[in-house]
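When we follow the numbering used here, the leftmost residue of the sequence shown carries the number 116, and every step to the right adds one.
Note that beta-carbon positions come from the ideal geometry of N, C-alpha and C, so glycine has one too.
Notes follow the structure.
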Amino acid sequence: MTGGTRPPAEPSAAGGMMRQMNNQIYPAAAGGASHPDAVQMPGAAASSPAGLPGPAHVLDPSAGLEEWLAARGQPAWRAKAIRRWLFAGRAATFADMTDLPKELRTALEERFLIFSTRIARHVHAEDGTEKLLLELADGQRIECVLLREHAREVSDAAGGGRLTVCISSQVGCGMGCVFCASGLDGVIRNLTTGEILEQLLRLQKLLPAEERLSHIVVMGMGEPLANLDRLMPALATAQHADGLGISQRRITISTVGLPKAIDRLTAENPGYHLAVSLHAAEDALRTRLVPVNKAIGLAEVMAAADRYWEASGRRLTFEYVLLGGVNDAPEDAARLVRLLGRRAALVNVIPYNSVAGLPWREPSKAAQARFLDVLRAAGVNVQVRRRKGARIDAACGQLRRLESASAGPAVPATSPASPGGTRPAE
Ligand code: SAH
116 MTGGTRPPAE PSAAGGMMRQ MNNQIYPAAA GGASHPDAVQ MPGAAASSPA
166 GLPGPAHVLD PSAGLEEWLA ARGQPAWRAK AIRRWLFAGR AATFADMTDL
216 PKELRTALEE RFLIFSTRIA RHVHAEDGTE KLLLELADGQ RIECVLLREH
266 AREVSDAAGG GRLTVCISSQ VGCGMGCVFC ASGLDGVIRN LTTGEILEQL
316 LRLQKLLPAE ERLSHIVVMG MGEPLANLDR LMPALATAQH ADGLGISQRR
366 ITISTVGLPK AIDRLTAENP GYHLAVSLHA AEDALRTRLV PVNKAIGLAE
416 VMAAADRYWE ASGRRLTFEY VLLGGVNDAP EDAARLVRLL GRRAALVNVI
466 PYNSVAGLPW REPSKAAQAR FLDVLRAAGV NVQVRRRKGA RIDAACGQLR
516 RLESASAGPA VPATSPASPG GTRPAE
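Next up, the structure:
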């Protein structure tokens with residue numbers, strides 16, 4: 116199996132930069148499951164700050180905010196009030212939560228963290244895309260992106276634009292897709308629920324007070340379905356009225372296609388918009404591009420996607436990264452048409468966004484047009500993912516690699532960049 120952990124090559128950026136506020140050091144996940152679909156990886160330990168010395172992330176269920184409040188004789192609604200302060204009130208500290216008793220605020224401050232990460236880099240593109248490189252308490256780095264999509268770019272039911280955030284679910288990725296920057300060094304660990312939610316808080320803080328996040332896409336670093344235990348509570352909080360109030364249908368989970376985990380989602384919570392990354396419509400090519408396919412196979416992926424669709428009733432999306440000269444021929448498109456058959460699906464075609472050091476190239480304009488023509492002529496719903504923030508390396512995983520390659524100290528600065536290409540825009 117190829118989805119296992121490759122040795123982390125990233126030099127630990129932690130050094131003296133690690134924040135002292137959290138003593139928790141996460142074990143680097145070793146080894147991998149014997150089957151890529153055996154999903155939950157050993158980094159699970161990363162989500163249990165409770166019981167460890169030092170502050171725990173207030174939004175992480177394992178930090179036990181509710182229990183802690185109860186032990187202090189505080190009413191249960193205080194937890195909601197705190198969440199409301201964090202999400203709607205955009206509070207940066209417990210001291211900002213002015214309607215809480217003062218002693219409680221002080222005790223919260225001593226026990227819990229609101230921000231366990233620090234912004235190692237903040238990059239802007241002219242098209243409004245902003246990307247944060249976050250350094251976690253253990254020195255690992257992840258990326259998250261804010262995408263501003265104007266009304267003319269999206270056909271939103273409300274007629275307005277979208278403020279979409281693209282968040283990461285793991286440090287690195289174990290799926291090994293050969294063209295993707297996130298997985299080049301394998302998976303290092305799962306993100307905790309608190310770390311997933313913190314990305315939302317951080318990105319929301321980039322907005323003026325009157326603007327609200329409208330959509331979430333879990334399309335950043337990592338394989339979300341390999342970290343469902345921690346992702347689900349995070350997305351549930353994001354939906355709550357005292358969270359971000361973002362409805363499930365505005366949340367997209369993008370997966371490489373792990374059938375067992377898709378089935379779990381089908382059984383537990385089929386309301387999310389599911390996007391399945393195909394990239395090829397026959398097994399030999401898919402296995403070359405998406406190595407975990409070897410142990411799974413397209414038929415299983417499609418069958419699990421169908422079961423999800425039956426349970427959710429919501430149109431599925433299939434993602435297809437177009438790699439020049441590799442999977443962009445009209446025959447590849449014709450194969451995709453046959454694979455999709457009568458499914459009411461949307462195909463999200465993503466022209467490859469080059470990753471330094473990798474041999475793949477972007478598809479030519481002519482090849483893209485031919486590929487799309489074949490799909491459209493067959494009546495397939497197609498969307499070409501708009502290019503956003505390319506110059507800021509907005510394809511998740513790229514900024515982190517650049518930073519670790521230069522291995523310089525993190526710059527808490529803002530670098531202007533101009534717009535260009537990349538994903539995502541569900
Ligand atoms: N693990 C999930 C999320 C990955 S990121 C998944 O596989 O779906 C979301 C999408 O971006 C995936 O379809 C992924 O294959 C694609 N992607 C990764 N690197 C890319 C690149 N350099 N250019 C274009 N798309 C890329």
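Straight-line Cα distance separating residue j from residue i
i    : j    : result
G358 : P445 : 45 Å
L299 : M336 : 11 Å
G494 : G412 : 25 Å
G289 : A324 : 38 Å
L346 : V499 : 27 Å
L490 : V452 : 6 Å
A418 : L343 : 20 Å
A129 : A252 : With a pLDDT of 24 at A129, under the threshold of 50, the modelled position of that residue is not reliable, and the figure given next carries that caveat. Approximately 8 Å between the Cα atoms of the pair.
S149 : T232 : Here S149 scores only 36 on pLDDT, less than 50, and its place in the model should not be relied on; the value that follows carries that caveat. Rounded to whole angstroms, S149 to T232 spans 32 Å at the Cα level.
E218 : H355 : 27 Å
E224 : A210 : 8 Å
L400 : A410 : 14 Å
L249 : E310 : 10 Å
P176 : E434 : 32 Å
C281 : I366 : 10 Å
L107 : R198 : No information on residue 107 is available, as it lies outside the stretch 116 to 541 that the chain covers here.
N463 : T244 : 20 Å
I377 : N442 : 25 Å
I465 : V333 : 16 Å
A481 : A449 : 16 Å
C259 : G456 : 35 Å
A235 : W200 : 25 Å
A341 : D398 : 22 Å
G188 : E241 : 50 Å
W192 : N305 : 30 Å
P190 : T208 : 21 Å
R226 : F202 : 19 Å
E182 : A222 : 14 Å
H239 : H265 : 17 Å
W424 : L404 : 25 Å
H237 : P474 : 28 Å
P478 : R379 : 35 Å
Integer Cβ distance of residue i from residue j, believed to fall under 8 Å
i    : j    : result
A353 : L315 : 6 Å
L247 : L180 : Contact doesn't hold; Cβ gap of about 25 Å is too wide.
A296 : V470 : 5 Å
R476 : G440 : 7 Å
T370 : P339 : 6 Å
M212 : R205 : Wrong, their Cβ atoms sit about 11 Å apart, outside the cutoff.
F230 : Y467 : The pair is not a contact, with the Cβ atoms about 35 Å apart (cut-off 8 Å).
T583 : R327 : No statement about residue 583 is possible, as the shown extent of the chain runs from 116 to 541 and does not include it.
A460 : L431 : 5 Å
R429 : R364 : 7 Å
A396 : L454 : 4 Å
L228 : A171 : 7 Å
A420 : V391 : 5 Å
Counterpart residues of residue i in DSSP-defined beta bridges
i    : result
A171 : F227
R422 : Answer is none; R422 lacks a bridge partner.
N468 : The partner list for N468 (beta bridge, DSSP) is empty, contrary to what the question assumes.
E434 : S392, N463
Q498 : N463
A341 : DSSP lists no partner for A341.
N384 : None, per the DSSP bridge assignment.
R233 : E250
V332 : C281, T367
R304 : V286
I257 : L249
L262 : T279
Beta carbon of residue i nearer than 7 Å to that of residue j
i    : j    : result
R277 : S362 : no
V436 : H388 : no
V416 : G472 : no
P374 : A426 : no
I257 : S283 : yes
L312 : A349 : yes
Q255 : I303 : yes
A196 : L184 : no
G291 : P406 : yes
Any non-hydrogen atom of the ligand MG within 6 Å of residue i CB
i    : result
V332 : In terms of ligand content, the structure shown lacks the ligand MG and carries the ligand SAH instead.
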